[in-house]
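Its first residue numbered 1, the sequence shown is counted upward by one per residue in UniProt numbering.
What follows is a set of notes on a single structure, which appears directly below.
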Amino acid sequence: MCQVFGVSRSGYYNWVQHEPSDRKQSDERLKLEIKVAHIRTRETYGTRRLQTELVDNGIIVGRDRLARLRKELRLHCKQKRKFRATTNSDHNLPVTPNLLNQNFTPTAPNQV
1 MCQVFGVSRS GYYNWVQHEP SDRKQSDERL KLEIKVAHIR TRETYGTRRL QTELVDNGII
61 VGRDRLARLR KELRLHCKQK RKFRATTNSD HNLPVTPNLL NQNFTPTAPN QV
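Take a look at the structure:
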C-alpha cells in the first residue's frame with residue numbers, strides 16, 4: 001500500500017502513531033463548547049453573537065475559526081419567520097358583547 005501512495009513504510013507507521021496536533025485537540029474542545037452555547041442560545045445566534053457569548057464565558061476564539069468550526073459541525077441559525085396575520089378582522093359576523101366594559105370593581109368574592 002505504501003508503494004501505491006509513494007510513502008515509506010517507516011513514514012506511514014510514524015504518521016499512524018502520532019498524536020493529534022495541539023490545534024486539533026483545541027478545536028475538539030471548542031466544538032463541545034460551541035455545541036453547548038448553540039443549544040443554550042436556542043440556536044438563534046450567528047457567528048458574531050456566538051463569539052461574544054463565548055468570550056463572555058471566558059473562551060477566547062476568533063470569528064473565522066468559530067465560523068469554520070460551526071461549518072464543520074453543520075450548525076445553522078434558525079431564521080426568523082415572516083409575520084402572517086392569522087385573523088381576518090374584516091368580516092360581517094356578529095361580535096360578542098363586552099360584558100365587563102372595563103368595570104373591574106368587584107362587589108363580592110369571585111366576581112368581576
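Backbone N, C-alpha and C fix where the C-beta goes; we use that ideal spot for every residue, glycine too.
#### Entry: Run of the alpha helix (DSSP H) containing Ala67, from where it starts to where it stops
Counting from 1 along the sequence shown, the entry for residue 67 is found at position 67. Here the alpha helix (DSSP H) through Ala67 covers 63-73.
### Query
How close, in whole Å, do the beta carbons of Asp27 and Leu69 come, if the pair is a contact with beta carbons under 8 Å?
Within the sequence shown, residue 27 is the residue found at index 27, counting from 1. Within the sequence shown, residue 69 is the residue found at index 69, counting from 1. About 6 Å separates the two Cβ atoms, so the contact holds.
### Message
Our contact map puts Leu50 next to His38 with C-beta atoms below 8 Å; I'd like the distance itself, whole angstroms only.
### Response
Locating residue 50 in the sequence shown gives position 50, counting from the first residue. Locating residue 38 in the sequence shown gives position 38, counting from the first residue. Taking the Cβ atoms as the reference, Leu50 lies roughly 7 Å from His38, within the contact range of under 8 Å.
### Query
With a CB to CB cut of under 8 Å and the five nearest residues on each side skipped, what residues in its chain are close to Thr41?
Counting from 1 along the sequence shown, the entry for residue 41 is found at position 41. Excluding residues within five positions, the ones whose Cβ falls inside 8 Å are Arg49, Leu50, Glu53.
### Message
Just checking Asn101 against the ligand GDP - is the residue's beta carbon closer than 7 Å to any of the ligand's heavy atoms?
### Response
For the structure depicted, the ligand GDP is absent and the ligand set is empty, with no information on it obtainable.
### Query
Would DSSP call Val55 helix, strand or coil?
Residue numbering aside, residue 55 sits at position 55 when the sequence shown is read from its first letter. Reduced to three states, the DSSP call for Val55 is helix.
### Query
Do Thr47 and Lys78 have their C-beta atoms within less than 8 Å of each other?
Taking the sequence shown and counting its residues from 1, the one referred to as residue 47 is at position 47. Taking the sequence shown and counting its residues from 1, the one referred to as residue 78 is at position 78. A distance of 8 Å or more separates the beta carbons of Thr47 and Lys78.
### Task
Could you check what DSSP says for Lys80 in three-state terms: helix, strand or coil?
Here the question's residue 80 lines up with position 80 in the sequence shown. The three-state reading of DSSP puts Lys80 in coil, since its state is none of H, G, I, E or B.
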